[in-house]
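Everything below concerns the one structure shown next.
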Amino acid sequence: MSLSKGNTNKKMGLTARQKAIIEILTKFTATNPVTISTISEKLKLSSRTILREMPDIERWLSENNFKFIRKPGVGLVLEESLENQKKILKLLDVETVQKVYSKEQRRKFLLGELLATKEPRKSFYFTSKFKISEGTLSNDLDVLGKWLSTYQIKIIRKQGLGIYLEGTEENYRQAIANVVYDFMEEKEILSLLSGHHAAEDAPKIEMYSHNKLLHFLDERIVKVVEQLLSETEQKLKIKYTDSAYIGLVVHISLAIKRIQNLEKIEMEQQKLQKLLLTPEYSVAEEIAQGLSEQLDVEIPADEIGFITMHLLSAKIWFSDDDTIFFDKKNNVRELIKNMIMLVEQELGISLKENEELYEDLIQHILPAISRLSMNVHIKNAQLQTIKQNYASIFDATAKACELLKTEIAVKEVPETEIAFIAMHFCAAVEKLHSKQKQFCVAVVCPTGMGTSRMLAANLAKEFYNLEICCILSALHIDTQKLAEEGIDFIVSTVELDIHYDYVCVSPVLTEQDKMLLTEMMKKAEKTKAMKPTAVKQKNTVKYTTKQDIMYMTDIGIEIIQLLEHLRFLMIQRTVDIWGIFPLAGRMFTKEKEKADNVTAALQNREMKAETYISSLEIMLFHCRTKEVNHCRFGYIGFREPFFRKDGTGWVKGAVVMLTPEYGTAVCLEVMSTISSVLIENTELITYLHRLDQEAFVLALEKYLGQYYQKTLYHLHHLKKIL
């Protein structure tokens, strides 16, 4: 009589780790075996550790009458039907698991205990809780002490009193937040926030619940914070990236919990005054007001400053025509241009045609400057991968970051920041290898934009028949829209709980990832063969909305208005820039009152932060004013250039750019494009310096025409949901 599958009279139990390995085995077939290295990557364990677990796993499978085979040089196979694989999963559900913590896990739990309370605890409390000796506890505390010292926190060990920590509240919060990030990957935090997680993550997520630090992520507080972040996005017209969203939820939720426990932060008044001048402070005030109303907690100014710091360190995209953000973005363009040139020289390639790289670096470096200036730490899980697999690009980026270090006067740019910037260069380099594609895929990542683009570039490099049609947030996936757009399948770095074909891979593709992608393409090819007409129709039919037409019309009107009202003026000489403002004020109006208002607006803008661009030897005067209804551009040239009193360089002329005080976002886009064109194309500055109006107008018309065409193309073809 043969034994039935899944015999309940089992002789042995399983550990959580062994259960996780078996769950992974059930996802692969005889035609698609899984390797030890793939399992180790998914569980973040060494291959040796996985191999040590295999004998017990084989015995368990054998005792339950399941067939398991090791194929040397190929992989591991569960030769069972889909029905029996489901039986295995059911058996695992009822399996009693004994928790076994590794040395690293134990130390993280110990760190959680220390940070969760400032009260001294006897060593016996820790040795009995973790079932370790006094010697092991002492070694663990030595290791944790080194880590905590990076946050200026000390472990105090006093005989008769106990073990406790000493440090400021600000350092405590930074340490706690980073422990959360070290203890859980971003995709796992994302899974907890969204309420969905992959099967192989279940043991880890169950284990997380026992760490006292994660109790700071109070469910009610987290939901309120998420709601407020969503509301501020809409109200203030800003956009958070996934990594920024996760970071803000963690940091703000932690801050509220600490306030409720009467652990309040204190900030230097000088630093707070500096933060008050940033647009992020107004966002922090909106969030603080909502927190006060919904959680019945008072948020003092110091705490608002703390929230501001994390908004500054996050990637926030302002979609409004905010002048301060415009200035900030404009000032960093020259730096990025020089960084790209240095990387080009180091790698011996040309990246000038890659406009995507330029814009992506602006989006990344703007918040990076704030992070570095405020000394806010950031984690990069891909650091070692970038250093090992893209060593030459990382080294070139490190040299380029010396320019960034000098520009903002900091002691160093950490390797974590260098690696994030290197990701963008990796994507740009890999893009050079792209060819014609067949399959339309969506890339889904829970982390930052650089990681998404690097994955997309790796896909393009390894599979020339893949076209990256869109990059999606893991938080916002519309499967119906994907089907309508003809997306064949999704390539994701996080497990998804959706009814749509997808492949889960690492950002840097492994051999196993490539096998999975190949199998998915075979499946997609069969699907396309069955429904060729439907897919083609979805890909080719374009629908232009009324809003699209109005948007492009607005851009066209602003470009035409600007080109038809260009003004040029040449003067003999001037002593300093303040003598130029009255001339600039009169360029676009003959009425004295209006001219005076424009002059005053330009002067006020200059007093906030000067607009001298040393590499171009010009002033870039700009402001918003009620005296114009459309974008305006002018240039004042000097026959006799003057040397700046601070010794920073010569001034050969001044660009004058005006936008309506209550103009639309289109106005800012057009003027931002012109600023970018001036900085990136030196021939335009040459035409201005010699007052060659005809050549300048033709060149500007060409570049604005390209911008118009590019915007129109993006409207129809680049469906990026960020």
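Numbered continuously in the numbering used here, the sequence shown closes out at residue 718.
For each residue, glycine too, the CB sits at the ideal point set by N, CA and C.
Rounded straight-line distance, which links the Cα of residue j to that of residue i
i           : j           : result
residue 221 : residue 287 : 7 Å
residue 479 : residue 495 : 11 Å
residue 475 : residue 499 : 15 Å
residue 170 : residue 81  : 44 Å
residue 34  : residue 390 : 26 Å
residue 52  : residue 88  : 14 Å
residue 556 : residue 366 : 37 Å
residue 660 : residue 388 : 43 Å
residue 600 : residue 678 : 28 Å
residue 612 : residue 680 : 10 Å
residue 297 : residue 159 : 33 Å
residue 719 : residue 643 : Nothing about residue 719 can be read from this structure; the chain reaches only from -3 to 718.
residue 131 : residue 163 : 25 Å
residue 28  : residue 149 : 50 Å
residue 17  : residue 701 : 57 Å
residue 675 : residue 407 : 28 Å
residue 703 : residue 559 : 14 Å
residue 265 : residue 272 : 10 Å
residue 467 : residue 502 : 15 Å
residue 384 : residue 620 : 48 Å
residue 152 : residue 253 : 25 Å
residue 597 : residue 622 : 10 Å
residue 614 : residue 548 : 31 Å
residue 434 : residue 21  : 31 Å
Where residue i falls, given that 16 or more other Cβ within 10 Å makes a residue buried
i           : result
residue 118 : exposed
residue 277 : buried
residue 329 : buried
residue 56  : buried
residue 721 : It is not possible to answer for residue 721, since the shown part of the chain is limited to -3 through 718.
residue 90  : exposed
residue 31  : buried
residue 292 : exposed
residue 537 : The predicted model places residue 537 with a pLDDT of 42, which falls under 50 and marks its position as unreliable; any figure quoted below should be read in that light. Exposed is the call here.
residue 508 : buried
residue 393 : buried
residue 48  : exposed
residue 13  : buried
residue 658 : exposed
residue 156 : exposed
residue 603 : exposed
residue 488 : buried
Per DSSP, cross-strand counterpart(s) of residue i
i           : result
residue 502 : Residue 502 pairs with nothing; no bridge assigned.
residue 615 : 608 and 650
residue 436 : 463
residue 628 : 654
residue 30  : 72
residue 160 : 152
residue 406 : Beta-bridge pairing links residue 406 to no other residue.
residue 488 : 440 and 500
residue 113 : None; residue 113 has no bridge partner.
residue 620 : 655
residue 25  : 28
DSSP three-state assignment for residue i, whether helix, strand or coil
i           : result
residue 603 : helix
residue 471 : coil
residue 120 : helix
residue 363 : helix
residue 200 : A caution first: residue 200 carries a pLDDT of 47, below 50, which makes its placement in the model unreliable, though a value can still be read off. Residue 200 falls in the helix class under three-state DSSP.
residue 565 : strand
residue 637 : strand
residue 754 : Outside the displayed span of the chain (-3 to 718) sits residue 754, for which this structure offers no information.
residue 205 : At residue 205, the pLDDT of 46 sits below 50, so the modelled position is not reliable; the number obtained from the coordinates is stated separately. DSSP places residue 205 in coil when its eight states are reduced to three.
residue 582 : coil
residue 686 : coil
residue 724 : The requested residue 724 does not occur in the structure, where the chain is confined to residues -3 to 718.
residue 412 : helix
residue 454 : helix
residue 256 : helix
residue 328 : helix
residue 306 : helix
residue 378 : coil
residue 494 : coil
Proximity test, Cβ basis, 7 Å: residue i and chain C
i           : result
residue 708 : Looking for chain C here will not work: only one protein chain is present.
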